[in-house]
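S.K.: Residue numbers (the numbering used here), protein chains in the order written: chain L, 94 to 237; chain A, 1426 to 1576. For glycine and all other residues, C-beta sits at the position ideal for the given N, C-alpha and C. All values derive from a computational prediction rather than experimental measurement.
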Amino acid sequence: MADFDPRDTSGRESLSVRDVAERFIELFHHQDNPTDAFLAWVHPDYIQHNPNAPSGRDATLEVLAAAVRNNPDLTHDVKRVIHGGERDGEGMVAVHHHFRRRKDERGWAVVDILRIKDGYVVEHWDVMQPVPDPADTKNDNGMF
Amino acid sequence: MRAALAAVATLALAGQAAPALAEDAAKSCTTREVADGFIPLFYEQGKVREAYDTWVAEDYIQHNPGANNGRAAAIAFLEPIFENNPQHRMTVHRVLVDGDLIAVHLHGQSSPDDLGAAAVDILRVEGCLIVEHWDVTQRVPETSVNGNGMF
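Right, here's the structure in full:
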């Protein structure tokens, strides 16, 4: 369990990029709660690079909240997090995770990259690839 | 320490580190040094064999489901892509370095007007060598809801 309250934004201006990343990831990826994650940590002018989602916090949240409503068992199983450091209150984090809408599907390998500035997630890129049938892979290591 | 200084001098003179012999795995490099050595050679210059022979462990663990384990298999997989198509190129958009991990967000294209694919490579470093690789790849679509592009 996290040793912080991921919904507590009261000290936002004193939080590091890493702190904000950890709070967002706790809510979004671990708790599968895009609404709390976005309302607490995402800037209203959030820049979206996922080609299937609109730009802006509220428009993106609408898409994500609908996905959770339609897929209540949706999970983001975090495999590794890469914190890219901080300069002048700004930095990036990459989250490598296994996204599944249902427990019984192979799902997708995903890397989310978030740019964080002055206590807010301000920009997002991602790459998604379907996890193949293990019978079709050339090594036995899995995608994670 | 003297050996390390000598290695730094060689690196400065030659613009790259010495080839990766087996004993290089025991040497110490920062993850940033490995990133700064491997990324220009492989992604920007497309020197597959030189990049892999210098910076990748022989028993490299591969998680790309379309490739076999090991450095030789990675070179065999990648080299034809460049040799068969001189127009193939990779553009690195951002690099994150943290502990023993490197993430590289890149755009691969078979020609300048190919929409190509977005990818993130994640590399794990031990000593002065890359020992493990994960990636996620997605074709860049023709249209985007937001018009911001994938990079």
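Measure from the alpha carbon of residue 166 of chain L to the alpha carbon of each residue in L/123, L/230, L/227, then state which is nearest.
M.R.: If we check each option's Cα against that of residue 166 of chain L, L/123 comes out closest.
S.K.: For residue 107 of chain L, go through chain A and note every residue whose CB falls closer than 8 Å to its CB, in chain order.
M.R.: Those within 8 Å of residue 107 of chain L in chain A number zero; the least Cβ separation is about 22 Å.
S.K.: Any C-beta of chain A sitting closer than 8 Å to the C-beta of residue 175 of chain L?
M.R.: Yes, because at least one Cβ of chain A sits closer than 8 Å to the Cβ of residue 175 of chain L.
S.K.: Per DSSP, which one or two residues make a beta bridge with residue 129 of chain L?
M.R.: Residue 129 of chain L is not bridged to any residue.
S.K.: Got a sec: which bits of the stretch 1452-1483 of chain A sit with their beta carbon under 9 Å from any beta carbon on chain L, in order along the chain?
M.R.: Listed by position, the residues of the stretch 1452-1483 of chain A near chain L (Cβ gap below 9 Å) amount to none.
S.K.: Using beta carbons (cut-off 8 Å, strictly below), is residue 1516 of chain A in contact with chain L?
M.R.: Judged by the 8 Å Cβ criterion, residue 1516 of chain A is not in contact with chain L.
S.K.: Given this structure, state the Cα-to-Cα distance separating residue 153 of chain L from residue 187 of chain L, to the nearest angstrom.
M.R.: Distance between the alpha carbons of residue 153 of chain L and residue 187 of chain L is about 19 Å.
S.K.: Tell me which same chain residues have a C-beta within less than 7 Å of the C-beta of residue 212 of chain L, skipping the five on either side of it?
M.R.: Closer than 7 Å at Cβ, skipping near neighbours: 105, 106, 108, 113.
S.K.: Residues in the same chain with beta-carbon distance under 8 Å from residue 118 of chain L, minus the five sequence neighbours each way, listed in chain order, please.
M.R.: So the qualifying residues of the chain are 171, 174, 186, 188.
S.K.: Could you give the C-beta distance for residue 1532 of chain A and residue 1548 of chain A, rounded to a whole number, given that I count them as a contact under 8 Å?
M.R.: About 18 Å separates the two Cβ atoms, so there is no contact after all.
S.K.: Per DSSP, which residues does residue 213 of chain L bridge with? Please list them.
M.R.: DSSP, once it has assigned bridges, lists L/210 as partnering residue 213 of chain L.
S.K.: Express the C-alpha separation of residue 1515 of chain A and residue 1554 of chain A in angstroms, rounding to a whole number.
M.R.: Taking the straight line from one Cα to the other gives about 22 Å.
S.K.: For residue 191 of chain L, name the three-state secondary structure that DSSP assigns.
M.R.: If DSSP states are grouped into helix, strand and coil, residue 191 of chain L belongs with the strands.
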